[in-house]
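What follows is one structure encoded as structure tokens, with my remarks underneath.
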Amino acid sequence: MSVRVLLADDHQLVRTGLRRILEAEPDLAVVGEAGDGVEAVELTRTLTPDLAVLDVSMPRMTGLQAARQIARRSPAVRMLMLSMYDDDQYFFAALQAGASGYVLKSAADEDLVAACRAAIRGESFLYAGVAGALVRDVLERVRRGERVPRTPLTEREEEVVKLIAEGHTSREIARALVISVKTVERHRANVLTKLGLHDRTQLTRYAIRAGLIEP
Numbered sequence: 029m030s031v032r033v034l035l036a037d038d039h040q041l042v043r044t045g046l047r048r049i050l051e052a053e054p055d056l057a058v059v060g061e062a063g064d065g066v067e068a069v070e071l072t073r074t075l076t077p078d079l080a081v082l083d084v085s086m087p088r089m090t091g092l093q094a095a096r097q098i099a100r101r102s103p104a105v106r107m108l109m110l111s112m113y114d115d116d117q118y119f120f121a122a123l124q125a126g127a128s129g130y131v132l133k134s135a136a137d138e139d140l141v142a143a144c145r146a147a148i149r150g151e152s153f154l155y156a157g158v159a160g161a162l163v164r165d166v167l168e169r170v171r172r173g174e175r176v177p178r179t180p181l182t183e184r185e186e187e188v189v190k191l192i193a194e195g196h197t198s199r200e201i202a203r204a205l206v207i208s209v210k211t212v213e214r215h216r217a218n219v220l221t222k223l224g225l226h227d228r229t230q231l232t233r234y235a236i237r238a239g240l241i242e243p
């Protein structure tokens, strides 16, 4: 079955170009188009796409604002941010909003399809520029003698992820860590946002890769 994609950009010409790129692929199908962030949120709810491709800059509601709402209201929908700006700050903001990646409009003909498929697989998509910036940042911190964290998660968040991956319920985790169920759910939400993940299955895969549990 084809992946159902929603396109959101305030320029009709851009949407037409993106549609042509995606519909040239047998496994991708555009099921709707939105001209701003508000419409994107509404269409995500009514059309239930598998993936929403959102322009960062749109009227009424930006793509980042729309992504935050979609992440809350339709957590099963994967998201990609689209932008003309080669800026790692936008990239990190996109991940924090719940997106799986960030695609430059100037490279959409080369990167968009790969980014869509990565998002559906539950993977993050790094375009070449931001990947290089991340490597440079780590190397610079090492050169200054700073400690480079192996994970973006706090110790408490790692504990929660480990227990989730082991199959424990929020109530069981709350008892084990002597915290409230509400706090467990807040940690879980924070972890999903930080890692750009969407569900327990992806958290379990992360826990295995991070060495928190054995496969």
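In terms of my numbering, the sequence shown is numbered consecutively and its last residue is 243. Even glycine gets a Cβ: it sits at the ideal position worked out from N, Cα and C. It should be emphasised that the depicted structure is a prediction, and the values quoted were computed from it without experimental measurement.
Beta-carbon within less than 6 Å of G224's beta-carbon, same chain only, minus the 5 sequence neighbours each way: which residues are those?
L123, S128, S152
N-terminal and C-terminal residue of the beta strand (DSSP E) that R106 is part of
106-111
Taking its Cβ as the centre, do 16 or more other Cβ atoms sit within 10 Å of V81, making it buried, or is it exposed?
buried
Note down, in chain order, each residue of its chain lying with its Cβ closer than 6 Å to the Cβ of A62, except the 5 sequence neighbours on either side.
A36, A68, L71
If we ignore side chains and look at the alpha-carbon of each, how far apart do A94 and M29 end up?
27 Å
Take A104 as the anchor and find which of L110, R73, Y118 has the nearest alpha-carbon.
R73
Just to confirm, are V189 and A235 a CB contact at a threshold of 7 Å?
yes
Beta-carbon gap between P87 and V59 smaller than 7 Å
no
Under a three-way DSSP split, which group does V219 fall into?
helix
When the distance is taken between beta carbons, is T44 closer than 7 Å to G65?
no
In whole angstroms, give me the CA-to-CA distance for R249 and R171.
Residue 249 lies beyond the stretch modelled for the chain, which goes from 29 to 243, so this question has no answer here.
In chain order, what are the residue ranges of uninterrupted alpha helix (DSSP H) at least 4 long that sit wholly in the stretch 45-88?
65-75
Among L34, R237, D139, nearest to A193 - alpha-carbon criterion:
R237
DSSP puts Y130 in a beta bridge; with which residues?
M109
Just how far apart, CA to CA, sit I98 and I201?
27 Å
Near E185, which residues of its chain fall below 7 Å by C-beta distance, leaving aside the five closest residues on each side in sequence?
H215, N218, V219
In this structure, does DSSP put R171 in helix, strand or coil?
helix
May I have the straight-line CA-CA distance separating R203 from Y130, to the nearest angstrom?
38 Å
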